[in-house]
Amino acid sequence: MEEEDSNTATKCTPKTTTCRGIESAHNHHYHHHLLQNSYYRFGYGFGFGFGYTNQYQTFPALLPLPPSLPLQLTVSPPFPPNHRFGARTHFKKASRKQNNPLLATSSDSQFQDFSVSQDVENKENGRKIMDTKQKPLAVARRPDSGGVEGKSITLFANHFLVQFDPSQKIFHYDVEIFPNTSKEISRMIKKKLVEENSPLLSGALPVYDGRRTIYSPIEFQDNKLELYISLPISVGELLPSVKSMNSDEKNQHHKIFRVNIKLVSKIDGKVDDFTPLPQEYIHALDVVLRENPTEKCLVSGRSFYLSSMGGGQEIGGGAIALRGFFQSLRPTQQGLALNVDFSVTAFHESIGVILYLQKRLDFMHDITQRKMTSLTSEEKKEVEKVLKNMRVFVCHRETVQRYRVYGLTVEVTENIWFPDRDGKKLRLVKYFKDHYGYDVVYRNLPCLMISRRKPCYLPMELCVICEGQKFLGKLSDDQTAKILKMGCQRPRERKAIIDKVMEGPVGPTSGDQGKEFKLQVSKEMTRLTGRILHPPKLKLGNGGHVRNLTPSRHDRQWNLLDSHVFEGTSVERWAIISFGGTLDQKSSLQKFINQLSQRCAQLGIFLSKNTVISPLFEPMHVLGNPKLLESKLKKIHKAAFNNLQLLICVMERKHKGYADLKRIAETSIGIVSQCCLYSNLGKLSSQFLANLALKINAKVGGCTVALYNPLPSQIPRIFRQDDPVIFMGADVTHPHPLDDFSPSVAAVVGSMNWPAANKYVSRMRSQTHRQEIIQDLSTMVGEILDDFNQELSQLPTRIIFFRDGVSETQFYKVLQEELQAIREACSRFPGYTPPITFAVVQKRHHTRLFLCDTPYFSESQLLDENVPPGTVVDTTITHPREFDFYLCSHWGVKGTSRPIHYHVLWDENGFTSDEVQKLVYNLCYTFVRCTKPISLVPPAYYAHLAAYRGRLYLDPSEPRSTTISRASLPKTIPLPKLSENIRKLMFYC
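When we follow our numbering, the leftmost residue of the sequence shown carries the number 259, and every step to the right adds one.
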C-alpha cells in the first residue's frame, strides 16, 4: 500500500464531471513534477521492466487501498483537459496606470537603529516580579564616520548596488491554494495563473515566494480573486517499449486547484531621514530578485545550484556536491546591495535505494549476500537512520508521487502479508508478481514504511532517491575534503565565477521581473577603500636571543628558531600511552620522546626526557571500551602517585574513542592529555614537534607570546594598567541536523591575566536542544568573575564580551537576554556595575574582499593573492548606522580569505572605530597554538573549542539514535563536572 507524500490535488479526467480529492496530512513534503533521473527508465542493474498500455488502468497503486470517502466537487459544465477557468471576483475597480518617476538608490533614505524590549526584574519580599513595562534597548550606533588608522588599499567587495524607485508601490497579496501542494506545483500554478488571467492581474508579472505571498508592481483588478487552475502534470517518462504507443495527452493527469488571492497591503520605499527602509519592502525586492533563479535552479536556503556551473561531483558515501551561488539583499551604507557569492554543498545522490545503501554503508557493499541473509539488528538501525525522512519515488509504475520514508518494517519482505479491501490476506511478493509481473529479488531486506498511520510498504529495490535533497548528515573527513577542494578557489577565479553569475542567464539580473518592479542591479562589484592595520610588536621569552619582534613578512607569521615562548612551563611528571601501531611504530616512541623533549627545550619549555612509567602499549580496541579505557588511565595516574601533569596518547588512527579518552581524563581523573597519530611521528618534522610543544605548553599553564606594548599603552583612553579588564568569549554548538535528541552545548571563556590577557578559563553547560540563547550564562559568567577575582584580587573594571554563532535575525534577542544575564552575574557582587561591551562575531557570511588591479604586493608577486592580514573595512558595505566592520586578520593560504564580521551591539565603554579594530587585531596575535595572527578574535575561538570539547563529553562514543520527535523536547543531559586539577587550565585548546 502506498501513501502520498504531499497533498494530492483534485483530479479531473475527460470522462467525469466530478473530481475526487485525496487528503494527506503531510503538507510540507515536496512534489516534483518532472522525473529526470535515468533510473526511472529501469536501467540500473536490477534486471526488471514493465509495460503499460493505459495509464488509467484499474490496477491498485501498490497495495489495495481502503475504501475512501471522496470529496465531491460539483463542476458544471464538465471541464475538458485544457479548459481555462474563469474567475470569481470581488470589489471590482478600474485599472490605473503607473507613474514612472526617476530611479533612486536606497541611500536616499536613512536607517534608524532597531530597538528591542527588555523585561526588568524587581525583587519584592525575596521574590522576583517580572516588570511588564517594556524598555527599549537601543543597539549601538557607529560612534564616528569610520576608522582612519592604517594604510589605504582599494578593494572590490562582492556586493552589487541595487537601484530602485522609492515611489514604486508594491502590492502584497496573500495566496491560498486548495488542496495544499508542494512549492514546485505551486509555482506551476502561479505561472499558469499569470498566463491565463492577465486582464484580471492588470497585465502584471507578479513574483511568488512559493508559499503564501505574491508581490505585484501593479494593483490587480480586484482586491479578492477566486480562480480555478487546471494543471496538466507530467507523470514522467514511459518505458521505451511503450513510449511510442502513447500520446502526450495520456502522459498527463489534469488536476484542478482553487486559488484564492487577497490584497494584504500596499508598500513603497518612501522614507524620511530618520526612518529605515521597511523590512517588508526589502523582503519584497529580495523575492523579485530570486524569482528567475528559483525557476531555473535547485534551491537550498538562500543558495541556488545547477549543473551548468561545473556539474555535480561524487564525493562518496552516496553524496554528490553541486556548485551554485548565494544571494541576499541587504541594506548598506551605499544603499541596498545584493551580496552574491560562490557556493558548494552536498546533496544525496539520486540513485536506487539499494545502490545508495551500497555506497553509504560498508556492510551493504556485498549486495549479493543480501539475497540470502538478513540484516542484524544493529545493521537495520543504521539503514533506518540513513533512510529516515528521505524522499523517494517508485519505478514499477508511472507516477509523479513522492514518498517520505518513516522507517523500516519489522519483518523482511519475504514475510510481509497484508489484508486487501475485502479482508483477504495477501502476500506482498505475490502481489507484485501478480499485478506488476515483477519478482522481488531482495526478499531478506525489510521494506520502507511510507506512512506513520497505516501499513504502507515499498520494497527497497523499487525505490529511487529523489534528487535535490540536501545532505544533512555529518560528512566524513574524506567528503569534507572533497567539498572544500571544490569550493577552494583563489580570489581571481572566485571573482570571475561571481561576475559570470551576474552576467548569466540564471543570475539575479536575468528575467524581466526586475524591470517590472523598476529595479536596476549593477553588474559591477562594489569598489571601496579599506585600510591595512599595522601589526603589533610582540614580546617573547627572556631566555632566547630574540626577545621582541614585529611580524614583517607579508603573511605576518614569525618563527621561534632563535627565541623562547613568552612563558614556558616545566613538565616533570608525565606519561605516554600507545593505542595500536605496528612494531616499527612502537619502537620509534623513544626517539619521539627524545626529540620532543629537545624541541621543547629549544622553545624554553622543560619536558623531562624520562616518563614516570615506561610507555604503555594497548591495542586499538581499548579505545572502544570506555570502562576498560578508564581503568587503564587510572592505573597510569596511580603509578604517578596521582600527580601526573601530562599524558601523551599516540594512536594508530583516528578513533571515536578519542571522545571517551578526553571525557575520562578531564572529568573522572583530572589530567591534561595530548593526542597525536603515529603517521605524524614517522616524519617528526621540526614544525610538527614545535606545534605539539606549543599546545602542551598552553595546556599546562604557559603561553606563547604577549604584546610588547600592552593594551593600556595602545588604547590609553579606555584601558589603565591598574584597572584590569576581562575579555570573554561565548559560543553554542548544536548537534547535527539529523539529531533530534542531543542537547546543545554552550561555553564561555574569560581571560585571567592583565594586561597580557592571553590565558583563559572556561565553563561549559548543556542546554535545551537547538537553543541558541545561552540559558545558564549568568551562572557561568559569575563563576569566571570569581576566578578572576581570586587570580588578581579584584574584579575586572570593564567587560568586553565577544559572542560567536549568532545570525542577524537573532541579534536583538541575544542582546536583550544575554546582556541582562551578564548584568545579573555582576549584581552578585555588591555595588559591582562594570561597563560592558557586547560584540557579535560572524564567520558564516558571504562577503568577500578582492584586491583591485593595482596590487598591494610587489611586482614579483602574483596578483592572484588574498587581501593582506590587517585589512579592515568599515564603510560602504557595512550597516548604514550600526557599529560593525569586516576584519581580515589572517593570511589566506588556500582559497579566498573570509573576513570576520564584527558587530558591536552594545558599548558602554565608548570605543571609537579605530580603538575596537586595533584591540581585535592585536588580540589575534596572542593565540597560544601558533605563531601567526588567526582569523578570529581569540576569546571567540577559545569558546568554540571549549563548546566542542563539551560536546565530546555528551557523545562519549557515537551519536545515539532515537525516535523522539521534535514536538517533544527531551530532557537535557547535564555535562560531567570538570576535575578541580584542570578547571583553571586551557585543557581545551
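Backbone N, C-alpha and C define an ideal beta-carbon position, used for all residues, glycine too.
Residue i by DSSP, collapsed to three states: which one?
i, result
"His1137", "coil"
"Glu1173", "helix"
"Pro749", "helix"
"Thr787", "strand"
"His252", "Nothing can be reported for residue 252, as the shown portion of the chain is limited to 259 through 1247."
"Pro1196", "helix"
"Gln571", "strand"
"Glu910", "coil"
"Ser836", "strand"
"Glu774", "helix"
"Val1098", "strand"
"Lys728", "strand"
Taking the alpha carbon of residue i as the point to measure from, which residue in the options has its own alpha carbon closest?
i, options, result
"Asp918", "Ala542, Pro1196, Leu1210, Gln571", "Leu1210"
"Ser1147", "Asn901, Gly1153, Val1131, Ile625", "Val1131"
"Leu796", "Pro1196, Lys448, Val963, Ser1024", "Val963"
"Tyr936", "Gly1008, Asn852, Ser846, Leu905", "Ser846"
"Leu521", "Glu1049, Glu477, Tyr431, Gly610", "Tyr431"
"Ser1237", "Gly593, Glu924, Gln848, Tyr689", "Glu924"
"His1103", "Gly593, Leu841, Arg560, Arg581", "Arg560"
"Leu1267", "Pro809, Ile1031, Gly570", "Because the chain spans 259 through 1247 in this model, residue 1267 falls outside it and cannot be assessed."
"Pro589", "Leu633, Gly1008, Gln537", "Gln537"
"Gly788", "Tyr1183, Lys1152, Thr1134, Glu434", "Thr1134"
"Pro982", "Thr1055, Gln932, Ile1042", "Thr1055"
"Ser1193", "Arg1156, Lys1176, Gly681", "Arg1156"
Taking residue i as part of the alpha helix (DSSP H), name the residues at either end of that continuous run.
i, result
"His693", "686 to 694"
"Arg399", "Neither: Arg399 is in no alpha helix (DSSP H) and is coded neither H nor E."
"Gly1040", "1035 to 1050"
"Thr1189", "No alpha helix (DSSP H) holds Thr1189; DSSP gives it neither H nor E."
"Gly799", "Where Gly799 is concerned, there is no enclosing alpha helix (DSSP H), given that its DSSP letter is neither H nor E."
"Ile612", "611 to 618"
"Ala917", "915 to 921"
"Val658", "Note, Val658: premise wrong, no alpha helix (DSSP H); not H, not E."
Excluding the five sequence neighbours on either side, which residues of its own chain have a C-beta within less than 6 Å of the C-beta of residue i, listed in chain order?
i, result
"Asn1239", "Gly928"
"Val644", "Arg618"
"Arg1241", "none"
"Leu969", "Phe977, Pro1013"
"Ala897", "Ile871"
"Glu407", "Asp1172"
"Met909", "Phe837, Leu935"
Taking 7 Å as the limit between beta carbons, can you name the residues of its chain near residue i, skipping five residues before and five after?
i, result
"Val1098", "Arg1061, Val1064, Phe1069, His1161, Leu1163"
"Phe621", "Glu637"
"Val687", "Thr671, Glu672, Val698, Arg701"
"Tyr1179", "Leu791, Gly1128, Leu1145, Ser1147"
"Ser601", "Ser561, Gly582, Phe583, Phe584"
Kindly indicate the opening and closing residues of the beta strand (DSSP E) around residue i.
i, result
"Lys409", "409 to 415"
"Ile894", "Taken as a continuous stretch (DSSP letters only), Ile894 belongs to no beta strand (DSSP E), being part of the alpha helix (DSSP H) at 884 to 897."
"Val581", "First, the residue type needs correcting, since residue 581 is Arg and not Val in the sequence shown. First-last of the beta strand (DSSP E) with Arg581: 577 to 590."
"Ala948", "Careful: Ala948 lies outside any beta strand (DSSP E), inside the alpha helix (DSSP H) at 944 to 957."
"Asn597", "593 to 606"
"Val546", "Unbroken run through Val546 is the alpha helix (DSSP H), 537 to 554; no beta strand (DSSP E)."
Sorted by chain position, which residues of the same chain lie with C-beta nearer than 8 Å to residue i's C-beta, five sequence neighbours on each side aside?
i, result
"Arg710", "Tyr664"
"Ala1225", "With a pLDDT of only 48 at Ala1225, under the threshold of 50, the placement of this residue in the model should not be trusted; the figure read from the coordinates follows. Nothing listed; no residue qualifies."
"Cys1247", "Lys953, Ala956, Lys957, Val1186, Arg1187, Tyr1200, Leu1203"
Have a look at the DSSP bridge pairing and note the partners of residue i.
i, result
"Pro704", "Val670"
"Val652", "Cys721"
"Asn518", "Glu434, Glu484"
"Asn455", "Looking at the DSSP assignment, Asn455 forms no beta bridge with any residue, so it has no partner."
"Ile525", "Ile428"
"Val930", "Leu904"
"Cys961", "Glu825"
"Ala988", "Val1006, Arg1061"
"Lys683", "Pro677"
"His512", "Pro490"
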